[in-house]
Ligand code: 5GP
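Numbering (the working numbering), first residue to last: 359 to 489.
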């Protein structure tokens with residue numbers, strides 16, 4: 359069965375899309391730790407990040423870098439934190455999270471509740487910053 363992220367990539371489940379190319383898809387995390395919290399996902403469905411072949415894993419870093427700079431242009435923060443957990447969704451992904459301190463990247467923190475309008479606005483701004 360396709361993972362929830364594959365369904366998002368296919369457009370079967372809606373997402374606040376940030377960017378995509380032939381290999382990767384970026385979209386806002388629905389339970390964000392901070393405004394601009396983005397997930398980077400390879401289109402090739404693979405559970406564990408470190409099972410990706412070398413080229414795909416390396417390319418994911420380069421794709422993440424472009425998205426991270428765009429997020430940083432839009433969201434006030436000290437830098438973009440990077441996290442890999444994969445404990446919930448068995449489809450490899452990288453979390454990009456705007457942070458000002460180490461506690462900002464704690465996954466045991468309560469998540470933000472954003473409106474549809476807020477998600478749309480953030481996604482649109484980051485998409486614009488990518489251009
Ligand atoms: P992890 O697998 O890295 O432990 O956590 C999965 C992440 O994916 C969580 O931060 C969760 O909020 C996010 N997530 C799970 N399901 C969806 C979804 O349907 N849409 C979006 N945008 N994010 C999701």
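By construction, the Cβ of each residue, glycine as well, lies at the ideal position given by its N, Cα and C atoms.
Just tell me which of the options has its CA closest to the CA of residue i.
i	options	result
residue 454	446, 482, 421	421
residue 449	402, 424, 392, 469	402
residue 475	487, 445, 388, 489	388
residue 443	409, 465, 404	465
Mapping the DSSP letters down to three states, classify residue i as helix, strand or coil.
i	result
residue 493	Since the first residue shown for the chain is 359 and the last is 489, residue 493 is missing from the structure and cannot be characterised.
residue 404	coil
residue 465	coil
residue 425	helix
With burial defined as no fewer than 16 other Cβ atoms inside 10 Å of the residue's Cβ, what is the status of residue i: buried or exposed?
i	result
residue 393	buried
residue 439	buried
residue 373	buried
residue 429	buried
Could you check whether the region 365-381 touches the region 475-489, counting it as contact only if at least three pairs of C-beta atoms, one from each stretch, sit closer than 8 Å?
With the cut-off at 8 Å, the region 365-381 and the region 475-489 touch.
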